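Engineer: Below you'll find the structure I mean.
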Amino acid sequence: MQLKALFSKNVFLAVKPFSALKDAFRAGYGKQQLLKDIIAGLTVGIIAIPLSMALAIASGVPPQHGLYTAIVAGIAIALLGGSRFNISGPTAAFVVILYPITQQFGISGLFMATLLSGVILLLMALFRLGRLIEYIPLPVTLGFTCGIGITIGTLQIKDFLGLSIEHMPSHYIGKVSAIVQALPTINLADSAVGILTLIVLTQWHKLRLAIPGHLPAVIIGTLAALLLGHFGFPLLLLVRLSNTHSPMAPSVMVFRMSYRNLSYLGISQMPKGKPFTGPLTEFRPYCQPPFRWRY
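Residue numbers (numbering that gives the first Met the number 0): 0 to 294.
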């Protein structure tokens, strides 16, 4: 009887597309709300564009793929999301999982893992399994978050100091060993840009301006790099983005399922622990995604 209830019509109608847009226009959407949304969209977009490219590089893929993902995902979530207060954007927590996938299976394997994780998320939404997050102890969540922070911080040392490392190992101990061995190759120009950007990012809030610190940090860091390039320091252009990009389907053969590969589908479990703005407002989402949105 319980299994029959899971496959009932009400379950599969629990998620309706464009529900957030319908709720917004039903409640009254005027010029004031439009202006606020435009300002918020520009703010999030300005931060998300360089962040998505940086996280793509940290995940082992070319930076343009992070840019494509941020644009397409942002539009899709805005149109199909179930909350009027959704904030979409790249998250550094995925780097820990995406980097080993890229190293072992390449970008096609990454596409396939993402596709399979999306299917799992949809199934969890339909069967209303998001409530299972309540049974995960808080120490597990805190330990997971701290581990991600340490891993990502370690990965940034290479670019922050401009170290010459041809191949970064996939395991954490190997990463630390490679960084220590490459310390004699430190680049003073890269380190100067990194320190300047970090100072701007951490101290900008003291100016009490409405502009978030991420934007001036990116601008000042870019100008500092261009200035150093003008004085003879090498400036590397990672990639030139083309006007068009042909879509392609991921290769199924490159990502053969096995008991070892199943752990990579943890991509689908990562968003369940992310915070959302819905609980901070009076709005209650209509749909039941696989997150804690049922009140």
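Ideal Cβ placement from N, Cα and C applies to all residues, glycine included. Bear in mind that the values here come from a model prediction, so they are computed numbers and not experimental data.
(1) How far does the alpha helix (DSSP H) with Ile-74 in it extend, from its first residue to its last?
(2) Alpha carbon to alpha carbon, how far is Gln-32 from Ser-87?
(3) Below 8 Å between beta carbons: does that hold for Ile-305 and His-213?
(4) Which residue comes first and which comes last in the alpha helix (DSSP H) that contains His-213?
(5) Quick check on this structure: which residue in Thr-196, Met-52, Ala-26, Val-94 has the alpha carbon closest to the alpha carbon of His-170?
(6) If we call anything under 8 Å between Cβ atoms a contact, is Trp-203 one with Ala-216?
(7) Go ahead and pull the three-state DSSP assignment for Ser-51.
(8) Considering only residues of the same chain and omitting the five flanking positions on each side of Thr-42, which have a CB-CB separation below 7 Å?
(9) So, helix, strand or coil for Ala-209, using DSSP?
(10) Give the straight-line distance between the Cα atoms of Leu-66 and Leu-109, rounded to the nearest whole angstrom.
(11) Checking 8 Å against the spacing of the C-beta atoms, do Thr-196 and Ile-219 come in under that value?
(12) Would you say Asp-158 and Arg-83 are within 8 Å of each other, going by their C-beta atoms?
(13) Helix, strand or coil for Tyr-28 per DSSP?
(14) With the cut-off set at 8 Å, would you say Ile-151 and Ala-91 are in Cβ contact?
(15) If you draw a straight line from the alpha carbon of Ile-194 to that of Ile-147, how long is it in whole angstroms?
(16) Between Ile-198, Asp-189, Leu-154, Ala-191, which has its C-alpha nearest Ile-178's C-alpha?
(17) Please report the distance separating the alpha-carbon of Val-192 from that of Gly-231.
(18) Could you have a look at Ser-116 and say whether DSSP puts it in helix, strand or coil?
(19) Have a look at Gly-59 and Lys-35 and give me their C-alpha separation to the nearest angstrom.
(20) Could you spell out the range, first to last residue, of the alpha helix (DSSP H) harbouring Ile-156?
(21) How close, in whole Å, do the beta carbons of Gly-117 and Met-123 come, if the pair is a contact with beta carbons under 8 Å?
(22) Using C-beta distances below 6 Å, list every residue in its chain close to Ile-106, excluding the 5 sequence neighbours before and after it, in chain order.
(23) Can you check which of these residues, Ile-164, Pro-168, Ala-209, is closest to Asn-186 by C-alpha distance?
(24) Roughly how many angstroms separate the alpha carbons of Pro-331 and Ala-112, rounded to a whole number?
(25) Going by DSSP in three states, Pro-233 sits in which element: helix, strand or coil?
(26) So, helix, strand or coil for Asn-85, using DSSP?
(27) When you compare the CB positions of Pro-89 and Ala-69, do they come within less than 8 Å of one another, or not?
(28) By Cβ distance, which residues of its chain are closer than 6 Å to Ala-188, with the 5 residues on each side in sequence left out?
(29) Go ahead and pull the three-state DSSP assignment for Ser-163.
Structural biologist: In short:
(1) 62 to 79
(2) 18 Å
(3) What the structure shows of the chain is the stretch from 0 to 294, and residue 305 is not part of that stretch, so it cannot be assessed.
(4) 213 to 229 is the span of the alpha helix (DSSP H), which, as asked, contains His-213.
(5) Across the set Thr-196, Met-52, Ala-26, Val-94, the C-alpha of Val-94 shows the shortest separation from the C-alpha of His-170.
(6) Yes, they are a contact pair.
(7) helix
(8) Pro-211
(9) coil
(10) 16 Å
(11) yes
(12) no
(13) Three-state DSSP puts Tyr-28 in coil, outside helix and strand.
(14) yes
(15) 22 Å
(16) The candidate whose alpha carbon is nearest that of Ile-178 is Leu-154.
(17) 15 Å
(18) In the three-state scheme derived from DSSP, where H, G and I count as helix and E and B as strand, Ser-116 is classed as helix.
(19) 36 Å
(20) 137 to 160
(21) Rounded, the Cβ-Cβ distance is 11 Å, inconsistent with contact.
(22) Only Val-60 meet the Cβ criterion.
(23) Ile-164
(24) There is no way to answer for residue 331, as the model of the chain reaches only from 0 to 294.
(25) Judged by DSSP in its simplified three-state form, Pro-233 adopts coil rather than helix or strand.
(26) In the structure shown, Asn-85 falls within a coil segment according to DSSP collapsed to helix, strand and coil.
(27) yes
(28) For Ala-188, where only same-chain residues beyond five positions count, the Cβ hits under 6 Å are Leu-227, Phe-232.
(29) coil
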